[in-house]
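Structure first, commentary second.
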Amino acid sequence: MKQALLILLLFGLAGLSSCQQQFEPVDYGHDACTHCKMTIMDKRFAAEMITEKGRAYKFDDMACLLQYMKEEHINSVKTMIFVSDYSKPDNNFLDARQAVYLHNSDVFKTPMDGNLAAFATDGEATPFKEHARNNQLKWQDLASKLINQ
Amino acid sequence: MKHVPSFLLLHICLFSVITGSFAAIIKVRPAANSIHHAADKAHSGDTLFLQKGVYKEHDIIISKRLTITGEGFPVIDGENKYQVFIIASDSVVIQGLQVQHIGKGSIIDMAGIKIVNAKYVTIRNNRFINNTFGIYLQNATRCYIVNNMIHSDARDEINGGNGIHAWKSSYLSITGNSISGHRDGIYFEFVTDSYIAANTSFDNARYGLHFMFSHNDTYTQNTFKSNGAGVAVMYSKGVIMHDNEFVHNWGDASYGLLLKEITDSKIEHNQFTKNTVGIHMEGTTRVDVRHNTFLDNGWGVRVQASCSGSNFIENNFIGNSFDVTTNGTMMLNVFNNNYWDKYDGYDLDKNNIGDVSYYPVSVYAVITEKIPPAMVLYRSFLTDIMDQVEKVMPTIIPDMLKDDHPLMKKLKL
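Chains L and Y, in that order, give the protein sequences. The first sequence lines up with residues 1196 to 1344 when you count with the numbering used here. The second sequence lines up with residues 149 to 561 when you count with the numbering used here.
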């Protein structure tokens, strides 16, 4: 009886760990972007998506993530989306739906020409606003702005 | 004798005109801001002759047509904080210098030599050591980057820059350079009608050569060796690649040559040796792959189902674990007249062409494409059985992907 319980418990644990929606750190210089296949190198512009089933997809540019979501018809709100914090890029990821974005092709040269930088708050974006000519965006605006390039 | 004075006079006049327009050679010795001062004083057409030594100067803006020549490789040091040369004038020549220790900027990309909005600039026989970006071209036209040595010790390979970085430029000629230890050896974004030849790009963190949105470029006789992920050519059309060597680009996401969204291009007479994947193609249209040799690669060619109108003709496939693999059953590309060392058909009419078709995609290639971890069972007894069964009763392998005229003998390329 005790053994059976133990086995059950073990299986239960295994089940839990595999289905949890959890952020997976990006291994820079090794992980490849799901969409464009390039090796992810730039800490400032990486993004990650975790599906409802807990599988993590990593991207080197917000434009790649958005394009991938569009192509694969991913629009569930349960999908977790993270984006690298431009001002603190050391594996510090933000909830992409809450982040503030600046868009400028001269200042933010992202790997796939999405040219988008993410910030935690409006305040943190302020020092860069002048360079980016105030081209500020929210999550809702991104899809229309980037995908039809 | 009456003519002589006027004749002489003419000579004197001409001579003075020539000497008057003659460019001056200004010798520069290491001192505080000596290059800055010399560049300020100089006139267009002058030569700055830098003596041997260490110059700790930065942000030297060249806005006149100057030639800067170094004797015995004078060192210009950015002290890991600054950038060194910014060229903003046409027809500048920089040669024989050693530019080192360029800093890192968060907003601007710092480079050893930056060419901004200029034409006919020549960067020749220089050494670039431990810089973020080696040579950086922005809106440059008809510039020559020749025989430079660009090396970084990869202190911070993830945040590092590219050896030669070109952006929104055209008609560049990049030849005979040796680039190592950078993020990408040569990086092109929006660069058209350019020529890249006889460069060696090795041990770079990401790609030996990286093309993005760059049309009508040719690269030839280059060697790309042991780069983190090989060479990537993406979102471009009219790219000609011939006589290059892609050697030992090994790793999980590594490719000899990664092609994505490439149209109307040619890949000829290249050598793909010991790469994880020789060529990986995705979303390509009308790409001609001819007279190449694929030797000892994990996968010779990986053609995704999104590719169409490509021809694979007269290539050698020798010693690859898998010659060809694909992720679908549709095949809109042609394989013909290739040599496959795994072909075990016969040639009864002795015309040097096998009488039965060759199917280059093996069963196990299909299986590992769908379930990558299945690779652990490769070359086991089980896979041998599957191979034999498939030969008798083909069910899994895409039957549209075949070579109807496989060659019996290796092509001499």
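Beta carbons are placed, not taken as given, at the ideal position from N, Cα and C, and that holds for glycine. Here the structure is a predicted model, which means the values were calculated and not measured.
Exercise. For Y:Leu559, which of helix, strand or coil comes out of DSSP?
Worked result: coil
For this session: Find out if the Cβ-Cβ distance for the pair Y:Gly506, Y:Pro542 is shorter than 8 Å.
Result: It is worth fixing the name first, because residue 506 of chain Y is Tyr in this sequence and not Gly. Result no, Cβ atoms of Y:Tyr506 and Y:Pro542 do not sit closer than 8 Å.
For this session: Run down chain Y in chain order and give the residues with a C-beta less than 9 Å from the C-beta of L:Lys1265.
Result: Under the 9 Å cutoff, chain Y gives no residues; its nearest Cβ is about 15 Å from L:Lys1265.
Problem set entry | Sequence-distant residues of its chain with Cβ nearer than 7 Å to Y:Gly193 (five each side left out) | Ala171, Arg213
For this session: Assign L:Thr1305 to one of three DSSP states: helix, strand, or coil.
Result: coil
Exercise. Which stretch, first to last residue, makes up the beta strand (DSSP E) that contains Y:Gln243?
Worked result: 241 to 243
For this session: Could you tell me whether the Cβ of Y:Lys408 comes closer than 8 Å to any Cβ of chain L?
Result: yes
For this session: Determine, using beta carbons only, whether Y:Thr368 and Y:Asp341 come nearer to each other than 8 Å.
Result: no
Exercise. Thinking C-alpha only, which one of Y:Thr348, Y:Asn484, Y:Ala453, Y:Asn468 is nearest Y:Asn459?
Worked result: Y:Asn484
Exercise. Measuring CB to CB, does Y:Ile604 end up less than 8 Å from Y:Thr280?
Worked result: Beyond the ends of chain Y as shown, which are 149 and 561, falls residue 604 of chain Y; an answer cannot be given.
Exercise. With a CB to CB cut of under 7 Å and the five nearest residues on each side skipped, what residues in its chain are close to Y:Ser384?
Worked result: Phe359, Phe361, Ser362, His363, Ile410
Exercise. Should L:Met1257 be flagged as near chain Y, meaning a C-beta pair shorter than 8 Å?
Worked result: no
Exercise. Do you know how far the Cα of L:Phe1240 is from the Cα of L:Asn1330?
Worked result: 17 Å
Exercise. Grouping DSSP H, G and I as helix and E and B as strand, with all else coil, what is Y:Asp225?
Worked result: strand
For this session: Could you tell me whether any Cβ in chain Y is nearer than 8 Å to the Cβ of L:Met1244?
Result: no
Problem set entry | Beta-carbon gap between Y:Asn375 and Y:Asn397 smaller than 8 Å | yes
For this session: State the start and end residues of the unbroken beta strand (DSSP E) segment that holds Y:His313.
Result: 312 to 318
Problem set entry | For L:Gln1335 and Y:Ile277, the rounded distance between their alpha carbons | 45 Å
For this session: Report all residues from its chain with a CB closer than 8 Å to the CB of Y:Gly502; omit the five preceding and five following residues, and keep chain order.
Result: Tyr491, Gly493, Tyr494, Asp495, His553, Pro554, Leu555, Met556
Problem set entry | Cβ pair L:Ala1258, L:Tyr1281 closer than 8 Å | no
Exercise. Going by DSSP, what residues sit across from Y:Ile210 in a beta bridge?
Worked result: Y:Ile235
Exercise. What residue from Y:Asn500, Y:Lys373, Y:Asn475 has the CA that sits closest to Y:Tyr512's CA?
Worked result: Y:Asn475
Problem set entry | Per-residue burial, Y:Lys558 [other beta carbons within 10 Å of its own, 16 or more giving buried] | exposed
Problem set entry | Test: Y:Gly226 CB closer than 8 Å to a CB of chain L | no
Exercise. When the Cα of Y:Gln452 is compared with those of Y:Ser254, Y:Thr289, Y:Glu517, which residue comes out closest?
Worked result: Y:Glu517
Exercise. By Cβ distance below 7 Å, which residues in the same chain neighbour Y:Ile515 in space, the five residues on each side in sequence not counted?
Worked result: Ala522
Problem set entry | Pair within 8 Å by beta-carbon distance, Y:Asp332 and Y:Asn352 | yes
Problem set entry | Where the segment 1271 to 1288 of chain L meets chain Y: residues whose CB sits under 8 Å from a CB there | none
For this session: Using the Cα positions of Y:Thr167 and Y:Asn325, report the straight-line distance between them to the nearest angstrom.
Result: Per-residue confidence for Y:Thr167 stands at a pLDDT of 48, beneath the threshold of 50, marking its modelled position as unreliable; no derived number is given.
Problem set entry | Distance between Y:Gly218 and L:Glu1267 (C-alpha atoms, nearest Å) | 56 Å
Exercise. How big is the Cα-Cα spacing for L:Tyr1296 and Y:Val482?
Worked result: 46 Å
Exercise. Checking contacts by CB at 8 Å: is Y:Gly376 closer than that to chain L?
Worked result: yes
Problem set entry | Residues from the segment 237 to 270 of chain Y in contact with chain L, defined by Cβ distance under 8 Å | Ile255, Asp257
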